[in-house]
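To start, the structure under review is shown below, and the notes come after it.
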Amino acid sequence: MDLNELCACLIDSVWDQSARVGALDAPGETIKIVLSKITIKKIKKRRKKFRKLTKNNFPISEYSRAKSNADRSIKADRKAQNAKRLKKIAVQILNNDSKSYRRYIKSYTGKSFQSIADGPVYDKNKNLCTEKYEKIKIWTNHFSELAKDATGNSRTTDKWENLTSSDCDYYPECDSSIQWTEITDALADTPNNKAPGADGVPSEVWKLVMAEPSPTSPLAKLIQKIINIMYDTGDIPKCLETSVVVPVPKKGDLKDPDNYR
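In our numbering, the protein residues as written are 17 to 277.
Structure representation (structure tokens):
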């Protein structure tokens, strides 16, 4: 089995196992109760009086009074909930908890960087494009221009030969295979709660093998084998060649690709 097949089988196995244990199931809907018990009691009282009003010759003044009391209580609860929310945002800002702050903004507005960047964009001639494939082409050209070697010095050895010393130390350890401790150290330095790549597998999955002093599980053995093949041959599996770029908006017109980083 070659490198591409090994890597593809590994990713497919991760997805199959995740589905088998139910890790891919959507979480059940949770309903947050923002009304107090007193408000709920007043709402029930209002409903009770309304049923009497529709069935019997019940005084409408009593129903109106119950409705006004329930409405005032609902407004008071919403006001308290909003004050609690603002206090939480203030704490996040003061504690420099940008992650929680962004998560709150996303949940409150329903927008993220991806949805913002997915809007209409201008092409080079300032024509507004809304079609999906046209926008993909514009973004592809935009980031290609940013990564282009404009001076031509990047791959020219003459530019850098005089800047580096020819008397370089030789590191014999570079000729050895990558050790398991080096892999676990690299996994430990990998941050959590980050967006996965094109394969959809988060880094927390690979970090499950960190506790193994030596590669004993099938996952650990396969990870070590793939990494050493990549190191020895210099080849990258096709499934790992795709990078995901998320344009982050800056100031200015968000239809202009130059206003993203």
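Beta carbons: idealized from backbone N, C-alpha and C, even for Gly.
Which of the three DSSP states, helix, strand or coil, is assigned to residue i?
i, result
"V260", "coil"
"V137", "strand"
"L179", "coil"
"P218", "coil"
"Y187", "coil"
"L238", "helix"
"L270", "coil"
"L144", "strand"
Whole angstroms is fine: what's the gap from residue i's alpha carbon to residue j's?
i, j, result
"L224", "K61", "54 Å"
"H158", "A99", "43 Å"
"T46", "S160", "With a pLDDT of 43 at T46, under the threshold of 50, the modelled position of this residue cannot be trusted; read the value that follows with caution. The alpha-carbon atoms of T46 and S160 are separated by roughly 43 Å."
"E198", "A35", "30 Å"
"N141", "N275", "16 Å"
"D215", "I54", "50 Å"
"P207", "S219", "8 Å"
"N209", "V217", "12 Å"
"L179", "A166", "20 Å"
"K103", "I121", "14 Å"
"V107", "D93", "21 Å"
"L69", "S77", "10 Å"
Taking the alpha carbon of residue i as the point to measure from, which residue in the options has its own alpha carbon closest?
i, options, result
"T84", "K241, P75, W196, K58", "Residue 84 is actually Ser in this sequence, not Thr. Nearest C-alpha to S84: K58."
"N20", "I245, V260, P273, L270", "I245"
"D272", "K151, I242, K241", "K151"
"K95", "L51, D134, N111, V107", "L51"
Ends of the alpha helix (DSSP H) at residue i?
i, result
"Q12", "Nothing about residue 12 can be read from this structure; the chain reaches only from 17 to 277."
"R62", "53-71"
"C25", "19-36"
"S230", "Premise fails: S230 is in no alpha helix (DSSP H) and is neither H nor E."
"S156", "Reading off the sequence, residue 156 comes out as Thr, not Ser. First-last of the alpha helix (DSSP H) with T156: 148-163."
"I199", "196-204"
Determine, for residue i, whether the minimum Cβ-Cβ distance to residues of chain C falls below 7 Å.
i, result
"K271", "Protein chains in the displayed structure number just one, and chain C is not present."
Leaving out the 5 sequence neighbours to the left and right, which residues in its chain are closer than 6 Å to residue i when beta-carbon positions are compared?
i, result
"A24", "C255"
Spatial neighbours of residue i within its chain, please: CB distance less than 7 Å, with the 5 preceding and 5 following residues excluded, ordered by chain position.
i, result
"G268", "N275"
"A204", "M226"
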